[in-house]
Amino acid sequence: MERIYFDTLDSTNNYCKQNYEMFPSFCYVIANKQTSGRGRFNRIWLSDEKNSLTLSIFIKENLDNPVILSMLAAISVVKTLESFNIKSKIKWPNDILVNSKKICGILLEGITNGTTANYIIGIGLNVNNELFDEQIKQKATSMINVTNTLFSLSDVEKKLIETFEKYYKKTQNQSFELINLYKSYSCVINKNISFEYQSNLLNGKVLDILDDGSILIKTNDELLKINYGEITLKNYY
Ligand code: BTN
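Right under this line is the structure:
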């Protein structure tokens, strides 16, 4: 996969969105520093120059179910961490947690120009960040914090991209069951959770995550099938 490097960008996802017409499919944009990193639900994504990975993988392809890209990215991060002896879990849809704290966030975005769909998979992974801002300190962690080891950012980057490529190829094969692999790392299945849905705070039990990436939650009154992007889960696991 081609690598496009910048020292500073506002956000690697923004850069991909603004310049997608000049990119080949299957490349990634990486920045040493983001001045305006974004997370899901328009949250701010804070990263630390030289200590975190901030990159966006760009894919130009018409896909039936683009949500699989976010699952693929989540699996790639989990497998990458595993290769550095770090066990992690996926909090639906695609937060990566270690010991219930977030080590990586993923932001999938799409743009079409009429005929072709373009997807941007933004990945922010905390590698050697030791200190976090007051407001996220309780819920964030990094590779260095969980192992007391300093990592080479470029080794982690290389492994992450290789792993993504490997699993992306696997999805071309019908018999590969991405959803089952994804579910084997989920930390929400069969758990009671609280969540915000359509401005209401609800409680329920997660029954399953379906092939299309949606989540099935049983509350006291109903069975809800909720899509990617529509809810935030409140408690951490
Ligand atoms: C989230 O957890 O809400 C998603 C965070 C995604 C952060 C990454 S860092 C690289 C890319 N550029 C951005 O502005 N955001 C994503």
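Per this note's numbering, the sequence shown runs over residues 1 to 237.
Virtual Cβ for every residue (Gly too), placed ideally from N, Cα, C.
Determine contact between the stretch 116 to 129 and the stretch 48 to 66, defined as no fewer than three beta-carbon pairs at a distance below 8 Å.
yes
Any contact of the stretch 18 to 29 with the stretch 80 to 93, i.e. 3+ C-beta pairs under 8 Å?
no
Pairwise C-alpha distance: T219 and N126:
As a position in the sequence shown, residue 126 is number 126, starting the count at 1. As a position in the sequence shown, residue 219 is number 219, starting the count at 1. Taking the straight line from one Cα to the other gives about 34 Å.
Would you mind listing the alpha helix (DSSP H) stretches within the stretch 178 to 227 that are 4+ residues and don't spill past its ends, in chain order?
178 to 184
Keeping to the same chain, check which residues put their C-beta closer than 6 Å to that of E134; ignore five residues upstream and five downstream.
Position 134 of the sequence shown, counted from the start, is the residue given in the question as residue 134. Excluding positions up to five away in sequence, the list is empty.
Look at S36 and S11 and say whether their C-beta atoms are less than 8 Å apart.
Taking the first residue of the sequence shown as 1, we reach residue 36 at position 36. Taking the first residue of the sequence shown as 1, we reach residue 11 at position 11. Yes, these two residues count as a Cβ contact at 8 Å.
Short check: CB of T141 to CB of V78, under 8 Å?
Within the sequence shown, the letter at position 141 stands for residue 141. Within the sequence shown, the letter at position 78 stands for residue 78. No, the Cβ-Cβ distance between T141 and V78 is not below 8 Å.
Would the C-beta of Q135 count as close to ligand 1, meaning under 7 Å from any of its heavy atoms?
Residue mapping note: residue 135 aligns to position 135 of the sequence shown, counting from 1. No, the Cβ of Q135 stays beyond 7 Å of every heavy atom of ligand 1.
Can you tell me where the alpha helix (DSSP H) with Y167 in it begins and where it stops?
Start at 1 with the first residue of the sequence shown, and residue 167 comes out as number 167. It spans L153 to T171 - the alpha helix (DSSP H) in which Y167 sits, taken as one unbroken run.
So what does S244 bridge to, in DSSP terms?
What is shown of the chain runs 1 to 237, which leaves residue 244 out entirely.
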